[in-house]
Amino acid sequence: MKKYRLVLSEDTFLWIKNHEGLVYQSKKYRAFVFSLSEKLSEICSHLFVLEHLYTIDLTEKELKNSDVRHFVDQLIEIDAGRLIPNTSTKKGTVSLMPVLKIHEEISDYIKKHKRGVGGNIIEHIHELTFYLNGSKYGNDLYYRQTIFPTKHESVLETEKIIRFIRNSKNPFLFNINLVGNIFSFPYFEELLHHIETFEIPVTICITGSDAFENKDLLKKNDWRKFRIIADKKDNIERTIAFFEEIGISFSVDFIIFSEQDYLDVEKFSTTMDGNFVPMCNGENIEFFESNIFISEKEILSSALSKRQIFQRQATNVNHFGKLTILPDGNVYADANQTSLGTIGDTVYSIVYREFTEGKSWFRVRNFTPCKDCIYQWLCPSPSNYETVIGRSNLCCVKP
Ligand code: SF4
């Protein structure tokens, strides 16, 4: 009887959960979902064994099984595999299943730390966000979802900020955010001047309301790039016009609570650097369900590369490499989790704590219901929205 060898390509991911399977070709960004019949389950189990080099021999009779034939045809159709006739010994008829090996790296750091040589762990810091102080326009629910000033009454100390940046400095630290009402922060100019000496880009994040109230102060200064948080619809247009007029570089975060909010600000986004930032206020869950929850179609068209999938399997893409320091000096990998220490602690001890005990940088979809879902590694990393809304997933697949 004629024999064939089925070889999956090295860019192909194959996942099975319960009675379903998913094949994803990460170079062509194509995928298909299949039901797991007994025969297909047997074939997939064979393919999952590393020593089988992502191949399985199939007889002509097996290929006449309609489930198997359909599965093989779909694999070929999306370039996820090849069916080679009579080639048990020919070269090139094997492959390698894409497998992630990050955990070796984490345990490596722990071993190095125990030997007192864990210095390069700092290189995982990519972005620092300092909440310098609070603002009367701040909101203690919103800052848990995106960069948005708090209502805190405490104020960070300039020397501590500078020391923290100095000790975090590494070639991969690409941005420092300064958040709050900078107009009431003592010695803001001096702080900026100090930070400038580190040669790391700085973004000043303020609400449109604080900016608008302090127009005269802004005019007199040549501050760096601004990220304007458009907290109130009624002053967006005037704030944008003002920033354009004085020639300061800026982008705008349009805060969106509803579909109407989106329609109201959509016109501005075509002419400027702007982001739409959905915001949960506790009363607009329907807006999230209809517009933010991800659908099966969106997941399958997310066009992720092999590298991006590995990233999602190993790290939380939203949080990894970021540290947030609140006005009271507490340091977080993500403001919804417990503090990793304070601004007075060593940066090394903070990053090491996140590596070994943290719940943010490595928070991946390995919990219910995602761990039992075929889309587990195609879905975006868990976000702050999930924590604030109090759900473990934001999708229409397993609502
Ligand atoms: S969020 Fe979770 S449950 Fe929903 S589709 Fe993604 S992996 Fe599946």
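Heads up, the sequence shown is in the numbering used here, so the first residue is 238 and it goes up one at a time. All residues carry an ideal CB built from backbone N, CA and C; glycine is no exception.
Q. Would you call H256 buried or exposed, if buried means 16 or more other Cβ atoms sit within 10 Å of its Cβ?
A. To locate residue 256, count along the sequence shown from 1; it is residue 19. Label assigned to H256: exposed.
Q: Leaving aside the five residues before and after G484 along the sequence, list all residues of the same chain whose C-beta is less than 6 Å from its C-beta, in chain order.
A: The residue given as residue 484 occupies position 247 in the sequence shown. Closer than 6 Å at Cβ, skipping near neighbours: no residue.
Q) Which residues bound the alpha helix (DSSP H) around Y193? A) Here the chain covers residues 238 to 636 and nothing more, so residue 193 does not appear.
Q | Alpha carbon of P423 to alpha carbon of R549, nearest angstrom | A | Within the sequence shown, residue 423 is the residue found at index 186, counting from 1. Within the sequence shown, residue 549 is the residue found at index 312, counting from 1. Approximately 41 Å, taken between the alpha carbons.
Q: Select from Y291, A570, S272 and F409 the residue whose C-alpha is nearest the C-alpha of S303.
A: Position 66 of the sequence shown, counted from the start, is the residue given in the question as residue 303. Answer by Cα proximity: S272.
Q.
Could you check whether S495 and F524 sit closer than 8 Å to each other, using their CB atoms as the reference points?
A. Numbered from 1 along the sequence shown, position 287 holds the residue referred to as residue 524. Numbered from 1 along the sequence shown, position 258 holds the residue referred to as residue 495. Cβ atoms of F524 and S495: closer than 8 Å.
Q. What does V260 pair with, by DSSP beta-bridge criteria?
A. Walking along the sequence shown from the start, residue 260 turns up at place 23. DSSP lists L251 and F269 as the beta-bridge partner residues of V260.
Q) Of all the options G595, I493 and G519, which has the alpha carbon lying nearest to the alpha carbon of T552? A) Taking the sequence shown and counting its residues from 1, the one referred to as residue 552 is at position 315. Comparing Cα positions, the closest option is G595.
Q: Taking G445 as part of the alpha helix (DSSP H), name the residues at either end of that continuous run.
A: The count along the sequence shown starts at 1 and reaches residue 445 at position 208. For G445, the enclosing alpha helix (DSSP H) covers residues G445 to E450.
**Q.** Euclidean distance between Cα positions of G627 and I562
**A.** As a position in the sequence shown, residue 627 is number 390, starting the count at 1. As a position in the sequence shown, residue 562 is number 325, starting the count at 1. Straight-line Cα distance between these residues: approximately 23 Å.
Q) Helix, strand or coil for C442 per DSSP? A) The count along the sequence shown starts at 1 and reaches residue 442 at position 205. It is a strand residue.
Q) Looking at C-alpha atoms only, which residue of A268, K456 and I293 is the closest neighbour of E279? A) Indexing the sequence shown from 1 puts residue 279 at position 42. Nearest C-alpha to E279: I293.
Q) Excluding five sequence neighbours on each side, which residues of the same chain lie with their C-beta closer than 6 Å to the C-beta of G566? A) The residue given as residue 566 occupies position 329 in the sequence shown. Taken in chain order, the residues that qualify are T579 and I580.
Q) Under the rule that 16 or more other beta-carbon atoms within 10 Å means buried, what is R475, buried or exposed? A) The sequence position of residue 475 within the sequence shown is 238, counting from 1. By the neighbour-count rule (16 or more Cβ atoms within 10 Å), R475 is not buried but exposed.
Q.
So if DSSP puts Y612 in a beta bridge, which residue, or which two residues, is it bridged to?
A. Position 375 of the sequence shown, counted from the start, is the residue given in the question as residue 612. None, per the DSSP bridge assignment.
Q) Thinking just about the alpha-carbon of each residue, which of S620, A478 and S246 is nearest to the one in R267? A) As a position in the sequence shown, residue 267 is number 30, starting the count at 1. Answer by Cα proximity: S246.
Q) Of all the options S527, K239, K265 and E364, which has the alpha carbon lying nearest to the alpha carbon of L312? A) Indexing the sequence shown from 1 puts residue 312 at position 75. Out of S527, K239, K265 and E364, the CA that lies nearest to the CA of L312 is found in K265.
Q) Are K365 and I419 close, meaning C-beta to C-beta below 8 Å? A) Against the sequence shown, residue 365 aligns to sequence position 128. Against the sequence shown, residue 419 aligns to sequence position 182. Reading off the sequence shown, one finds Leu at residue 365, where the question assumed Lys. No; because the gap between Cβ atoms is not below 8 Å, this pair is not in contact.
Q: Run the proximity test for K635: is its beta-carbon closer than 7 Å to any non-hydrogen atom belonging to the ligand SF4?
A: Working through the sequence shown from its first residue, we reach residue 635 at position 398. K635 Cβ: within cutoff of the ligand SF4.
Q | For S303, the residue or residues it bridges with in DSSP | A | Within the sequence shown, residue 303 is the residue found at index 66, counting from 1. Paired residue(s): none; S303 is not in a bridge.
Q. If you count every other CB in all the chains shown that lies within 10 Å of the CB of I343, and 16 or more means buried, which is it?
A. Here residue 343 refers to the residue found at position 106 of the sequence shown. Exposed, since its Cβ has fewer than 16 Cβ neighbours within 10 Å.
Q) How should Q497 be labelled, buried or exposed, when 16 other C-beta atoms within 10 angstroms of its C-beta is the threshold for buried? A) Taking the sequence shown and counting its residues from 1, the one referred to as residue 497 is at position 260. Looking at its Cβ environment, which holds fewer than 16 other Cβ atoms inside 10 Å, Q497 is exposed.
Q) Can you name the residues that DSSP bridges to N512? A) As a working mapping, residue 512 is identified with position 275 in the sequence shown. Looking at the DSSP assignment, N512 forms a beta bridge with D490.
Q.
Rounded to the nearest angstrom, what separates S488 and R464 at their Cα positions?
A. Taking the sequence shown and counting its residues from 1, one reaches residue 488 at position 251. Taking the sequence shown and counting its residues from 1, one reaches residue 464 at position 227. Taking the straight line from one Cα to the other gives about 5 Å.
Q | Neighbour-count burial assignment, R602, 16 or more Cβ in a 10 Å radius | A | Here residue 602 is taken as the residue at index 365 of the sequence shown, counted from 1. That one is buried.
Q. Do you know whose CA, among E482, N555, I432 and K470, lies nearest L455's CA?
A. What you label residue 455 is simply residue 218 of the sequence shown in a count that begins at 1. Checked all of E482, N555, I432 and K470; the closest Cα to L455 is E482.
Q: Tell me whether the beta-carbon of Q262 lies closer than 8 Å to the beta-carbon of Y622.
A: As a first step, residue 262 must be located in the sequence shown, where it is residue number 25. As a first step, residue 622 must be located in the sequence shown, where it is residue number 385. The criterion of a C-beta distance shorter than 8 Å is not satisfied by Q262 and Y622.
Q: Check T561 in the structure and name its three-state DSSP category.
A: Here the question's residue 561 lines up with position 324 in the sequence shown. Three-state result, T561: strand.
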